[in-house]
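A.B. asks: The following block contains the structure, expressed as structure tokens.
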Amino acid sequence: MANNVLTQIPDYFTTQFDANWKHLVQQKNSRLREYVTLDSIQGKEKSYNQLDVASMALITDRSVTTRITDQVMAKRWARTQQYDTAKLIDEWDEALLGDVVLPTSPIVQSHGAAYSRTCDKVIIDALGGTAATGATGSTNTALPSTQKVAVNYVESGTAANSGLTIAKLRAAKFILDSNDVDEEEERIIVVSAKQLQDLLRTTEVTSGDYNTVRALVDGSLNTYMGFKFRRSQQLPKATAVRSVYVYVKSGVVLAERGLKTHMDVRADLSHSLQIRSVASLGAVRMEEKKVVEIPCDEGA
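FYI, the numbering for the sequence shown is 27 to 326, going by the numbering used here.
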């Protein structure tokens with residue numbers, strides 16, 4: 027009996043397309059913005075006035091001439107830089123997409139996510155970078171070595187490069203405590219996923235510490251040794267060494283104008299729809315004593 031199957035039918039099977047757009051994996055919200063001092067800015071830069079520590083002297087006699095001492099003052103400067111991202115949708119795209127909607131809303135959402143990541147990057151750069159200081163902001167102040175834990179730091183034994191260890195956390199805490207950083211201020215530590223893994227692998231932890239660190243990695247806990255952990259994959263890395271930062275909220279200022287999104291029909295580009303988002307951001311480390319850098323060797 028002849029085979030009467032229509033062999034060309036599969037050539038006419040239809041393909042169905044999702045009508046919506048889905049974002050690929052990405053950091054969508056800022057992880058650091060709420061943990062710094064936020065400020066608005068209108069000009070290209072903004073200065074912040076600071077007073078140094080005052081001290082009192084013992085009075086040893088009666089009715090003596092009043093002793094006047096000078097007050098040491100300082101300035102820090104936040105200077106903005108401008109950022110943007112733009113996408114273009116052709117005038118025929120809506121008609122040619124058929125049942126698939128234009129990605130205008132998802133594009134705007136992706137711009138918001140890009141702004142959040144940029145905020146974090148600007149904050150991180152301020153934590154470890156040079157801070158504009160002085161009357162005119164012409165002096166660049168670096169984070170001194172006294173505010174850094176050595177990449178090969180150990181509490182005892184032979185020094186050797188390591189990732190994030192309990193010993194390094196204790197050293198960072200000691201630096202902040204020695205600087206008399208206000209204990210009422212929340213202490214933030216910015217780490218990457220590798221540093222959380224380092225803590226789980228450390229041989230220094232007790233069983234109790236291990237359970238706490240495991241909860242930290244699982245996300246059911248975000249505080250350990252007095253530090254609130256915030257994860258960012260934007261921390262700077264030189265060769266195999268990544269810089270981790272510990273700080274308090276008053277230690278860095280983020281000055282911003284906020285995100286602004288424009289949608290314009292571009293007559294000069296065949297009436298395409300341009301979606302462009304712009305932002306102006308600047309951050310400055312306010313005081314070196316409020317920031318500690320912990321270099322972590324990710325190859326160790």
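All residues carry an ideal CB built from backbone N, CA and C; glycine is no exception. Being a predicted model, the structure only gives us computed values, none of them experimental.
Which whole-angstrom value is the C-beta distance of Asp323 and Val267, which I expect to be below 8 Å?
C.D. replies: Residue 323 sits at position 297 when you count from the first residue of the sequence shown. Residue 267 sits at position 241 when you count from the first residue of the sequence shown. So it is a contact: roughly 5 Å between Cβ atoms.
A.B. asks: Would you identify the three-state DSSP class for Glu71, choosing helix, strand or coil?
C.D. replies: What you label residue 71 is simply residue 45 of the sequence shown in a count that begins at 1. Of the three classes helix, strand and coil, the one that applies to Glu71 here is strand, per DSSP.
A.B. asks: Leaving aside the five residues before and after Ala305 along the sequence, list all residues of the same chain whose C-beta is less than 8 Å from its C-beta, in chain order.
C.D. replies: Stepping through the sequence shown from its first residue, residue 305 is reached at position 279. Gln108, Tyr109, Asp110, Tyr141, Thr144, Glu282, Arg283, Gly284, Leu285, Lys286, listed in sequence order.
A.B. asks: Leaving out the 5 sequence neighbours to the left and right, which residues in its chain are closer than 8 Å to Lys24 when beta-carbon positions are compared?
C.D. replies: Outside the modelled stretch of the chain, which goes from 27 to 326, sits residue 24, for which no answer is possible.
A.B. asks: Between the Cα of His297 and those of Ser246, Gln173, Ile115, spot the shortest distance and give me the residue it belongs to.
C.D. replies: Reading the sequence shown from its first residue, position 271 is the one you call residue 297. Cα-wise, what sits closest to His297 is Ile115.
A.B. asks: Compare the beta carbon distance of Val278 and Leu153 with 8 Å and say whether it is the shorter of the two.
C.D. replies: In the sequence shown, the residue the question calls residue 278 occupies position 252. In the sequence shown, the residue the question calls residue 153 occupies position 127. Against a cut-off of 8 Å, the Cβ pair of Leu153 and Val278 comes out as a contact.
A.B. asks: Helix, strand or coil: how does DSSP classify Ser164 here?
C.D. replies: What you label residue 164 is simply residue 138 of the sequence shown in a count that begins at 1. Correct three-state label for Ser164: coil.
A.B. asks: Rounding to the nearest angstrom, what Cα-Cα distance links Lys220 and Ala121 in this structure?
C.D. replies: In the sequence shown, the residue the question calls residue 220 occupies position 194. In the sequence shown, the residue the question calls residue 121 occupies position 95. Roughly 47 Å separates the two Cα atoms.
A.B. asks: Please identify the residue among Glu117, Met82, Val98 whose C-alpha is closest to the C-alpha of Ile301.
C.D. replies: The residue you call residue 301 lines up with position 275 of the sequence shown. Of the candidates Glu117, Met82, Val98, the one whose C-alpha sits nearest the C-alpha of Ile301 is Glu117.
A.B. asks: Considering His288, what are the terminal residues of the beta strand (DSSP E) in which it resides?
C.D. replies: The residue given as residue 288 occupies position 262 in the sequence shown. Note, His288: beta strand (DSSP E), 278-292.
A.B. asks: I'd like to know whether the C-beta atoms of Val310 and Ala161 end up nearer to each other than 8 Å.
C.D. replies: Numbered from its first residue, the sequence shown carries residue 310 at position 284. Numbered from its first residue, the sequence shown carries residue 161 at position 135. No, the Cβ-Cβ distance between Val310 and Ala161 is not below 8 Å.
A.B. asks: May I ask you to list the residues that DSSP assigns as paired with Leu64?
C.D. replies: Numbered from 1 along the sequence shown, position 38 holds the residue referred to as residue 64. In DSSP, Leu64 forms a bridge with Leu280.
A.B. asks: If distances are taken between C-alpha atoms only, which option among Asp235, Val177, Val274 comes closest to Ala264?
C.D. replies: Working through the sequence shown from its first residue, we reach residue 264 at position 238. Out of Asp235, Val177, Val274, Val177 has the C-alpha closest to the C-alpha of Ala264.
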